[in-house]
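To start, the structure itself, in structure tokens.
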Amino acid sequence: MTEEPETSSRRRGGVTPDAILHSGAEGEFTAEDLVLASGRDVNPKNLAWAERRMAEKGRAALDELLP
Numbered sequence: 001m002t003e004e005p006e007t008s009s010r011r012r013g014g015v016t017p018d019a020i021l022h023s024g025a026e027g028e029f030t031a032e033d034l035v036l037a038s039g040r041d042v043n044p045k046n047l048a049w050a051e052r053r054m055a056e057k058g059r060a061a062l063d064e065l066l067p
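For the sequence shown, the UniProt record's numbering begins at 1 and goes up steadily by one.
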């Protein structure tokens, strides 16, 4: 399977079209998702951090970490 889907950036001159870009924050996310997006290891301490951050900031907690 070396062929990529037509929506890939390779077939569009190296630029990913805006229509297929998304951060994932428009859907539900978990504390584990937030930990991974922050580049941290998934462990109880970091999961607790993520849960606190989600409680404080809601969806903005993930949006702030993603480009």
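Quick reminder that beta carbons are idealized off the backbone N, C-alpha and C, glycines included.
Separation of residue j from residue i, as counted between CA atoms
i	j	result
alanine 55	phenylalanine 29	12 Å
alanine 19	proline 67	16 Å
proline 44	aspartate 63	22 Å
leucine 47	valine 15	34 Å
leucine 34	proline 17	25 Å
arginine 59	serine 38	14 Å
glutamate 32	valine 42	7 Å
residue 135	leucine 65	Nothing about residue 135 can be reported from this structure: the residues present for the chain run from 1 to 67 only.
Segments assigned beta strand (DSSP E), at least 3 residues, entirely inside the stretch 22–47: none
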